[in-house]
Each structure stands twice: as C-alpha cells, then as structure tokens.
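7 is the number of the first residue of the sequence shown in the working numbering; add one for each residue after it.
Glycine residues also receive a C-beta, built at the ideal position from the N, C-alpha and C atoms.
The block underneath contains the structure these notes are about, expressed in structure tokens.
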Amino acid sequence: MTGIKEVARRAGVSLGTVSNVLNRPDSVAPATRRRVLDAIDELGYVRNDSARHLRAGSSRTVAIVVLDVSNPFFTDVVQGAEAVVEAAGGMLVVCNSGQDPAREGRHLATLEEQRVRGLLITPVENGRHERLERLVDRGIPVVLVDRGSGQLNRCSVAVDDVLGGRLAATHLAELGHRHIAFVGGPASIAQVADRHAGAAAALTEHGGGIELEVVETKALSVTAGRQAAEDICALPQARRPTAIFCANDLLALGVLQGLTIGGLRVPEDISLVGYDDIDFAAAAAVPLTSVGQPREQLGRTAAQLLLEEADTDAAHGHRHVVFQPQLVVRQSTAAPRRRTR
Numbered sequence: 007m008t009g010i011k012e013v014a015r016r017a018g019v020s021l022g023t024v025s026n027v028l029n030r031p032d033s034v035a036p037a038t039r040r041r042v043l044d045a046i047d048e049l050g051y052v053r054n055d056s057a058r059h060l061r062a063g064s065s066r067t068v069a070i071v072v073l074d075v076s077n078p079f080f081t082d083v084v085q086g087a088e089a090v091v092e093a094a095g096g097m098l099v100v101c102n103s104g105q106d107p108a109r110e111g112r113h114l115a116t117l118e119e120q121r122v123r124g125l126l127i128t129p130v131e132n133g134r135h136e137r138l139e140r141l142v143d144r145g146i147p148v149v150l151v152d153r154g155s156g157q158l159n160r161c162s163v164a165v166d167d168v169l170g171g172r173l174a175a176t177h178l179a180e181l182g183h184r185h186i187a188f189v190g191g192p193a194s195i196a197q198v199a200d201r202h203a204g205a206a207a208a209l210t211e212h213g214g215g216i217e218l219e220v221v222e223t224k225a226l227s228v229t230a231g232r233q234a235a236e237d238i239c240a241l242p243q244a245r246r247p248t249a250i251f252c253a254n255d256l257l258a259l260g261v262l263q264g265l266t267i268g269g270l271r272v273p274e275d276i277s278l279v280g281y282d283d284i285d286f287a288a289a290a291a292v293p294l295t296s297v298g299q300p301r302e303q304l305g306r307t308a309a310q311l312l313l314e315e316a317d318t319d320a321a322h323g324h325r326h327v328v329f330q331p332q333l334v335v336r337q338s339t340a341a342p343r344r345r346t347r
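Written out as structure tokens, the structure reads:
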C-alpha cells in the first residue's frame, strides 16, 4: 500500500507538509497543498485512520454487541444507536454473540484491541462480567442495552421486563384463562427470567388457582417456538394450556406456526401473547397481542449516554434509564372456550 513517504517524495515536500495537508490544510500554501493532493490522487493513497486514532488514543468507532442479529428487535435497537453515532461523526460496528458466551468473549477481546470509542452491549449472561470490567478499567465507556447494569461504573438502558410479564399474564387472567404456559429460554438470559417472574407474580396476586406452566426453550427463535408448539399440541386436551405467553415475538410467531400445523386455532383453541411488538407481530396471519418496547429509543438513549461519557473530561454521572412497556392487544387473545372431554 502507498504510504505517506511515497506521497512526500512524489510531491517533493517533507513528511510534515503532507501531514499538515491531511490534518491542517489551511496551514499549507495553496500551491504546495495542490501538489500534495495531486500526488495523493496519482498514487491512490488512502490514509490509515485506524492507526492514527490508535496513536492518539481515540477512535470514531463505537461497537454494539447484540444477542441475535437476526431478531428484528435488535435491528431496531441498532438503527436507533446508529443514528446517534453517525450524527456525531462516528461509525457503529455491529457484532453478534448469538447467545454464545464464548463468542461474545472473542468479540470483546477484539474490540478491546481495537481501542473502540465505546461499547454498547446486551450481555449473554447476567451478573459480574470480567471482560466488561477490563474495558471499563481501560477507560472505554460501556453501556448495557436492554439490561439493567446493577453497577455504579457504567450506564444502562432497559425496559421493566417484570412489569411486561405482569401485563401479559394479567391480560390473560382477566380474559378467564386458568392454565397458561410460559414459553421462553434459556432461563439464564435476564430478560427471560424477568418476564417469567413478572407473569408468575401477577398470577399469584390475581388468585383463583391459576397454573403457570414453564416450557423452556434453548433459544429465542422461530424454530424454538415451533418445537414448543409441537410439544404442546401433543398433550391431551385436558392437560393443554388455554393460553401461551412467549418471552419474545419470534418465539410467538413460531408457536403460531406450530399450533396451526398441529390443527389448533388461535385464539379459538389457544390464546397467544408475544413480547417486543416487532413489525411482524401486527403482520402475522393472526395479528399478535404483544408487550411493546421502545426499540429504537433504547438504542438512541444508550448511544447518547455512551457519547456523553466518551466526550467528557470530567467525572461522568452514570445513569440507569428504565422505560415502561405497554400491552398491545390484537386478535390472538380471547376468552377461553369451554372444552368437551
């Protein structure tokens, strides 16, 4: 690759003059500046911004590590963060952990080596994260997205998922359902655990001996939802739940497909509630009742907090922003019908 030395030689100037043209063009005489720019064009020189920022100890690159890049929820979060980062003259790099802690660790190690300006992340697992602590110790701002941090040394932006679970379960209980299945997993994902906890608490408080049966999945995907639906369809009618609350909309869409294949109707035979309210929820074959989250606003707010921390020399006051979810009722939920045995 052509370097700055070749440009200086072709233009007949010093290395310092080429550097001034690239970084402080107004400090160079117009004729000299023109010679340097012509040499750059002739040689096809491209400046190495990454090396320059590494030497300066800064970068324009912000990274975001998400649980599942194929999930439209995270697509919307990324779009919100990207708008803020690009407006500030930066670039957002997206990394996909795929809900794999080892893969997440490899991404974080690479991003640490690259000296990114800051990191937005939805961690795979809850609790203390040594790799994130290392980034914070190196002075790299870290903001948790869709997850409360529980830490004083980093910001977080989240949605009250316990409340979201309560909203979904209360809706089904008020419709008259007394046997509800919660489909979601792995349980180690904090959002899944919180949504289940909220549903369980709401049903306990509602009274009436409502049963909440857990159907744990290995992933939050359409495929996992279809498998869960197959298992539910295989149950005798007397043991089959009359309603299902899924930990996210992808699971719910998979459940909807599986129930249809199994000959069960939504909501006539089984009511169905999802979570996230992605665009596909309203466009499903049976428009899906779902717990809505402000997806793009999550990303925008997280990026704003990160850039505030990255751009200030003073002590940064870490903030923990929590948004409130909202239940969006559509055609996938109804009162249970009396069953014949």
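Take the Cβ of residue i as the centre, count every other Cβ of all protein chains shown within 10 Å, and call the residue buried at 16 or more, exposed below.
i    : result
L117 : buried
R343 : exposed
G22  : exposed
P107 : exposed
A249 : buried
I46  : buried
G124 : buried
L241 : exposed
I146 : buried
I267 : exposed
D317 : exposed
T210 : exposed
A341 : exposed
R112 : exposed
D82  : buried
P247 : buried
G214 : exposed
Q310 : buried
Q105 : buried
I need the straight-line Cα distance from residue i to residue j, nearest angstrom please.
i    : j    : result
V149 : G269 : 45 Å
R212 : L169 : The amino acid at residue 212 is misidentified as Arg; the sequence shows His. Whole-angstrom Cα-Cα distance: 15 Å.
G260 : T176 : 23 Å
V334 : L49  : 59 Å
V279 : E119 : 43 Å
E12  : R30  : 19 Å
N102 : G305 : 16 Å
S162 : V151 : 6 Å
T8   : T229 : 49 Å
Q197 : E314 : 26 Å
H324 : R144 : 17 Å
I284 : V75  : 14 Å
Q303 : D44  : 45 Å
I387 : G204 : Residue coverage of the chain in this structure runs from 7 to 347, which leaves residue 387 outside it and unanswerable.
E180 : A289 : 25 Å
A208 : H202 : 10 Å
A308 : L126 : 7 Å
Under 8 Å Cβ to Cβ from residue i, same chain only, skipping five residues before and after it: list those, please.
i    : result
S20  : A14
P300 : V165 and F329
M97  : R66, T67, V68 and V91
Given a cut-off of 8 Å, decide if residue j and residue i are closer than it, judged by their beta-carbon atoms.
i    : j    : result
F79  : A174 : no
V99  : T128 : no
V72  : V84  : yes
V272 : T223 : no
S277 : H183 : yes
R262 : V292 : Here the sequence assigns Leu to residue 262, which means Arg is not the residue at that position. Yes. Within cutoff.
F329 : V165 : yes
R153 : V142 : no
R245 : T295 : no
G191 : G231 : no
I70  : A87  : yes
A17  : V42  : yes
L257 : N77  : no
L114 : T339 : no
Got a sec? Which residues, its chain only, sit under 7 Å from residue i by beta carbon, not counting five neighbours each side?
i    : result
D200 : D167, V168 and G171
L60  : For L60, the predicted structure reports a pLDDT of 47, less than 50, and the residue's modelled location is therefore unreliable. A value from the coordinates is still provided. Here the set comprises R121.
N26  : S33 and V34
E136 : none
R109 : S103
I206 : One point to set straight first is that residue 206 is Ala, not Ile, in the sequence displayed. L218, listed in sequence order.
R39  : V27 and P31
E236 : G264 and G268
E274 : R343
G95  : R66
Looking only at its chain, what residues have a beta carbon closer than 6 Å to the beta carbon of residue i, apart from the 5 residues adjacent to it on each side?
i    : result
V221 : A187, V189 and A234
S194 : E131
N254 : L226, Y281 and D282
L138 : V148
V297 : G170, L173, A174, Y281, P331 and L333
H322 : E315
V24  : I10, V13, A14 and V42
3 or more residues per run - each beta strand (DSSP E) lying fully within the region 244-274: 249-252
Beta strand (DSSP E) runs contained entirely in the region 175-258, provided each spans 3 or more residues: 185-190, 217-222 and 249-252, all fully within the region 175-258.
Complete runs of the alpha helix (DSSP H) confined to the region 103-175 [at least 4 residues]: 107-119 and 136-143
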